[in-house]
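Numbers given in this note's numbering equal positions in the sequence shown, counted from 1, plus 11.
Ideal placement from N, C-alpha and C gives every residue a C-beta, glycine not left out.
Bear in mind the structure is a predicted one, so any value in this text is a computation, not a measurement.
Report on the following structure.
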Amino acid sequence: MMMALADDLPDWRDMANAPQITVVTCVRDEGPFIVDWIAHLRALGVGRILVFTNDCRDGTETLLEALAPAGVSHVSQGNILGSGKTPQWRAMAAAWDHPACATAEWLAHLDVDEYPALDGFDTLHDLVASVPCAQAIALPWRLFGCAGRMQPGQGATPERFDRAAPVGLAYPALGSFFKTLFRRDGPFMGFGIHRPRQSAAPAFFDDTGTRDDALGEAAQRILLWRGGTVPQGRRVQLNHYSTRSIHEFLVKRARGLPNHTDKPIDLEYWVERNFNETRCTMIDHHLLAMRTEATDLRALPGVAEAEAATRVWHGDMLRRILATPDGARLCGRLVLAANSRAPDPRLGRALLDQYARAQAAAS
């Protein structure tokens with residue numbers, strides 16, 4: 012096979028009139044998933060990907076360094092766990108003035124288990140062009156479950172998991188969360204986890220291409236929106252593969268969360284995300300371009316070898332987890348909790364109201 016060179020990879024920054032898009036992420040021990048995720052973003056027109064790592068043990072950092080010719084900038088935060096500010100928030104603070112972000116026109120903070128899916132567009136450039144006055148575009152989560160898989164199996168994440176929660180999931184609340192694609196020159200002061208920190212209300216558009224001033228005026232940490240109403244004409248969503256297979260979930264549990272480092276990844280986490288009620292194919296027309304990009308990326312010097320090494324580490328970690336009573340017990344409980352069911356939207360909203368009242372009474 013002919014070795015791919017940096018000049019052989021398409022650089023979306025050189026496309027005529029195409030906006031420069033940078034995605035920022037924070038990872039720990041996610042080596043087996045990185046190449047396909049980066050390939051998908053590149054296929055959608057993302058030119059730069061800024062990756063912060065902390066305390067990686069699986070070889071992720073070596074893989075990221077090998078991916079530098081594909082527009083990947085890697086910043087190691089070292090082992091900062093337990094140092095106060097969480098790794099993700101520390102990364103977001105550092106990202107704002109990084110050259111990969113300072114020179115971009117559009118920015119987004121996404122995790123490696125979040126894949127943008129477009130309906131009616133091939134790239135994010137097309138999406139942005141469809142709402143020329145937008146300063147921010149909501150990328151609503153669609154929760155994807157394990158699709159009945161215990162073992163990882165072969166293929167990229169969106170190829171293996173096509174079962175999801177119904178559109179407009181009212182409960183749990185995270186079914187209505189969103190991330191944000193936003194203009195660097197908008198009224199923003201820095202990154203947030205779900206939406207940027209803002210100095211004024213931006214021109215905010217929802218997933219249907221409709222301007223929604225309520226989103227633009229909302230406080231930064233208000234993530235719940237629409238309240239279970241099924242959107243008509245959705246043009247973009249963020250496929251959120253937060254469980255993957257049972258075995259992959261067990262390794263994720265050992266890794267921990269980059270933002271809520273004190274929050275356990277446990278059975279509760281699983282049942283709030285493992286929805287397999289409907290088949291969603293919105294991302295399917297992007298898969299061929301993702302595969303093509305992934306082939307080119309794995310042909311870069313050192314990438315295939317580094318990725319294979321991360322898979323070996325994850326396999327060894329899984330065997331160690333399943334050899335413990337705690338790991339074996341949780342594996343069995345995950346099998347028993349095979350599928351979560353979305354409550355009727357009216358009941359879902361009632362459950363949210365009940366929780367809000369309980370929180371208010373306790374404060």
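Item: C-beta atoms of residue 360 and residue 248 nearer than 7 angstroms; Value: no
Item: Residues that DSSP places opposite residue 32 in a beta bridge; Value: 117
Item: According to DSSP, residues forming a beta bridge with residue 129; Value: 247
Item: Start and end residues, alpha helix (DSSP H) containing residue 46; Value: 42-54
Item: Three-way DSSP call (helix, strand, coil) for residue 176 in this model; Value: coil
Item: Residue 59 beta carbon less than 7 angstroms from that of residue 33; Value: yes
Item: Spatial distance of residue 61 from residue 74 (CA atoms); Value: 14 angstroms
Item: Residue environment, residue 210, which counts as buried when at least 16 other CB atoms sit within 10 Å; Value: exposed
Item: Same chain, Cβ closer than 6 angstroms to residue 124, neighbours up to 5 away in sequence not counted; Value: 252 and 253
Item: Straight-line Cα distance separating residue 99 from residue 122; Value: 10 angstroms
Item: Sufficient close CB pairs (3 or more, under 8 angstroms) joining the stretch 200-215 to the stretch 310-317; Value: no
Item: Per-residue DSSP class, three states only, for residue 388; Value: No answer is possible for residue 388: it lies beyond the span of the chain, which begins at 12 and ends at 374.
Item: Alpha helix (DSSP H) runs contained entirely in the stretch 305-365, provided each spans 4 or more residues; Value: 314-333 and 336-347
Item: Distance, residue 341 Cα to residue 334 Cα; Value: 12 angstroms
Item: Collapsed DSSP secondary structure at residue 167 in the structure displayed; Value: coil
Item: Buried versus exposed call for residue 374 [16 or more other C-beta atoms within 10 Å across all chains shown]; Value: exposed
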